[in-house]
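Undergrad:
Numbering (the working numbering), first residue to last: 57 to 108.
See the structure below:
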């Protein structure tokens, strides 16, 4: 998956829309309501999808 800073993503089968803010120390970081909500490894990105 080619992530782009500022784009919206979500976990497959979950309703929360997350904003990608970049990669730090090997972890992709996503925010929810303005705060970092989750960090994801490259190996787990297949469980996410881009959102509208």
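Where is the CB? At the ideal position from N, CA and C, for every residue including glycine.
Is the beta carbon of residue 74 closer than 8 Å to that of residue 88?
TA: Yes, Cβ-Cβ distance for residue 88 and residue 74 is below 8 Å.
Undergrad: From the DSSP output, read off the bridge partner residues of residue 85.
TA: Paired residue(s): 78, 95.
Undergrad: Please confirm whether residue 66 and residue 105 have their CB atoms less than 8 Å apart.
TA: Closer than 8 Å, so yes.
Undergrad: Look at the Cβ atom of residue 76, then the Cβ atom of residue 84, and state whether they are nearer than 8 Å.
TA: Yes, they are a contact pair.
Undergrad: Which same chain residues, not among the five before or five after residue 72, have their C-beta less than 7 Å away from its C-beta?
TA: If we look at residue 72 and ignore the five residues flanking it on each side, its Cβ neighbours are 66, 88.
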